[in-house]
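Numbering (numbering that gives the first Met the number 0) for the sequence shown: 0 to 304.
Where is the CB? At the ideal position from N, CA and C, for every residue including glycine.
Notes to accompany the following structure.
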Amino acid sequence: MNSDITKKLKEKYEGIDQDVNVHLEGLLHSKPINYWDYIQTDALLNLQIQRTVFPDEMVFIMYHQINELLFKMILGEIEQVAKNNDIDAAFFTSKLMRISRYFDMLTSSFTIMKDGMDVDQYNKFRKTLTPASGFQSAQYRKIEFASTELINLIDKRFRDTIDRDSSYEHAFEHLYWQAAGKDYKTGKKTHTLSAFEARYKDEFIRFTKFYQNNNLWSKFKSLPEQAQANKDLMNAMRHYDYTVNVKWVMAHYNTANHYLNIGGKTAEATGGSEWVKYMHPKYQKRIFFPHLWTEKEIQDWGIGI
């Protein structure tokens, strides 16, 4: 064996108080790796459980599972920025462009949903999904928390008046996606929203406490002025913001409209939300990095798309 490799292995295991010889002996008994074990192919292909007999339901399930895998990749990239205290414009830009490529893929892939399912099949199997809703994707909510400050995720109706120093719990009750399952006049929440909160609210609040000061927007603003003025970085920030909050959202919106707006009559979402106003960016004007856009660009956010 190469003596240099042996030395490095010895240093590695001594660094964690382990005997390198024990680990080397273990290699004698380990099986060689293969593709299907490494990727866990069998487990992956058995994660699709249909609720109906319609074959296009399988498209719906797998498409959303692929989305969740991409969301996990995005969160991994954001975490590398959030937990790095010595970032420069080049590193920041490279991570943002990786994230944007994932969202570019998510955006273009909506044609799989829009053109890849029979409308009649969809409108039958979707009734078995009530009260589940796409807004219950915890990973997507985390992507939002990790991208910007909480104030930029507050429902537009309360964004200008809410106390910016209020508790996380109070802010949570006024996040824009609460509108998908809450009557603000009565305070009553749908089962869809209540179940989502019961499962994830505590986790979200813990997550947000870290990312409130370590999100992408805060990290950008903590850079030296010269780095903030870097054209490549600014373009990467704007590209990510627009891709996530306009292009991807509108691809989702147009797909929903294809299946739920039949003959001029708009069907209710499975979670019971008023999905048109909840989803369309022109209503909520969700913008991760508001200072990087002109007043005119913000005013026209999501219009004409």
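Exercise for review: Would you identify the three-state DSSP class for residue 181, choosing helix, strand or coil?
Suggested key: Judged by DSSP in its simplified three-state form, residue 181 adopts strand.
Point to revise | Test item: CB-CB of residue 141 and residue 46 under 8 Å | key: The answer is no: Cβ separation not under 8 Å.
Point to revise | residue 200 (DSSP reduced to helix, strand or coil) | key: Note: residue 200 maps to helix in three-state DSSP.
Review point. Which one of 21, 123 and 216 has the shortest CA to CA distance from residue 49?
Key: The shortest CA-to-CA distance from residue 49 to any of 21, 123 and 216 is the one to 123.
Review point. What's the gap between the Cα of residue 193 and the Cα of residue 109?
Key: Answer to the nearest angstrom: the Cα atoms are 28 Å apart.
Exercise for review: Ignore the nearest five residues each way along the sequence and tell me which others in residue 147's own chain have a CB closer than 6 Å to its CB.
Suggested key: Same-chain partners within the cutoff: 214, 216 and 287.
Point to revise | Given residue 243 as reference, the closest of 258, 161, 102 and 290 once Cα atoms are compared | key: Of the candidates 258, 161, 102 and 290, the one whose C-alpha sits nearest the C-alpha of residue 243 is 102.
Review point. When you compare only the Cα positions, how much space is there between residue 200 and residue 99?
Key: Going by the C-alpha atoms only, they are around 27 Å apart.
Exercise for review: Assign residue 270 to one of three DSSP states: helix, strand, or coil.
Suggested key: Interpretation of residue 270 is limited by its pLDDT of 49, a score under 50 that renders its predicted location unreliable; the figure taken from the coordinates is listed afterwards. DSSP places residue 270 in coil when its eight states are reduced to three.
Review point. From residue 51 to residue 252, what distance separates their C-alpha atoms?
Key: Those two C-alpha atoms are separated by around 25 Å.
Check your understanding: What separation, rounded to the nearest whole angstrom, lies between the Cα atoms of residue 91 and residue 220?
Key -> A direct Cα-Cα distance of roughly 12 Å separates residue 91 from residue 220.
Check your understanding: Per DSSP, what kind of secondary structure is residue 208 in: helix, strand or coil?
Key -> Here residue 208 carries a helix assignment [DSSP, helix/strand/coil].
**Study point:** Selection from 72, 222, 281 and 228 that minimises the alpha carbon distance to residue 84
**Key:** Measuring from the Cα of residue 84, the nearest candidate turns out to be 222.
Practice item. Kindly identify the DSSP beta-bridge partner or partners of residue 153. Key: 174.
Check your understanding: Which residues in the same chain have their Cβ closer than 7 Å to the Cβ of residue 281, if we skip the five residues on either side of it in sequence?
Key -> Scanning its chain for C-beta atoms nearer than 7 Å, with the 5 sequence neighbours on each side dropped, one finds around residue 281 the residues 300, 301 and 302, in chain order.
Review point. Just the Cα atoms here: how many angstroms apart are residue 224 and residue 86?
Key: Rounded to whole angstroms, the gap between the alpha carbons of residue 224 and residue 86 is 13 Å.
Check your understanding: Since residue 156 contacts residue 150 with CB under 8 Å, what's their CB separation in whole angstroms?
Key -> Cβ-Cβ separation between residue 156 and residue 150: approximately 13 Å, too far for a contact (criterion under 8 Å).
Check your understanding: How far does the alpha helix (DSSP H) with residue 89 in it reach, from first residue to last?
Key -> Looking at the DSSP string, the run of the alpha helix (DSSP H) that includes residue 89 is 88–107.
Exercise for review: Answer with buried or exposed for residue 153, where buried requires no fewer than 16 other C-beta atoms within 10 angstroms of its C-beta.
Suggested key: Under this definition residue 153 is a buried residue.
**Study point:** Helix, strand or coil at residue 188 according to DSSP, with G and I counted as helix
**Key:** If DSSP states are grouped into helix, strand and coil, residue 188 belongs with the strands.
**Study point:** Run of the alpha helix (DSSP H) containing residue 280, from where it starts to where it stops
**Key:** The continuous alpha helix (DSSP H) containing residue 280 extends over residues 280–283.
Review point. Taking C-beta to C-beta, are residue 139 and residue 70 nearer than 8 Å?
Key: It is a contact, given that the beta carbons lie within the stated cut-off.
Point to revise | Beta-carbon proximity list for residue 210, same chain, < 7 Å, skipping 5 on both sides | key: Apart from the 5 residues on each side of it in sequence, residue 210 sits with its Cβ closer than 7 Å to the Cβ of 81, 144 and 145 in its chain, given in chain order.
Check your understanding: Distance, Cα to Cα, residue 137 vs residue 195?
Key -> Approximately 9 Å between the Cα atoms of the pair.
Review point. Around the C-beta of residue 2, are 16 or more other C-beta atoms found within 10 angstroms, so that it is buried, or is it exposed?
Key: Exposed: under 16 other Cβ atoms inside 10 Å.
Exercise for review: Could you tell me the distance, in whole angstroms, from the CA atom of residue 16 to the CA atom of residue 23?
Suggested key: Each residue's alpha carbon lies about 15 Å from the other.
Review point. Is residue 301 helix, strand or coil when you go by DSSP?
Key: Here residue 301 sits in coil by DSSP.
**Study point:** Close beta carbons around residue 94, own chain, < 8 Å, minus the five adjacent residues each side
**Key:** 76, 77, 79 and 80.
Check your understanding: Looking only at its own chain, which residues have a Cβ that is under 7 Å from the Cβ of residue 206, when we skip the five neighbours before and after it?
Key -> Excluding five sequence positions before and after residue 206, the CB atoms of its chain that fall closer than 7 Å to its own CB belong to 141 and 144, given in chain order.
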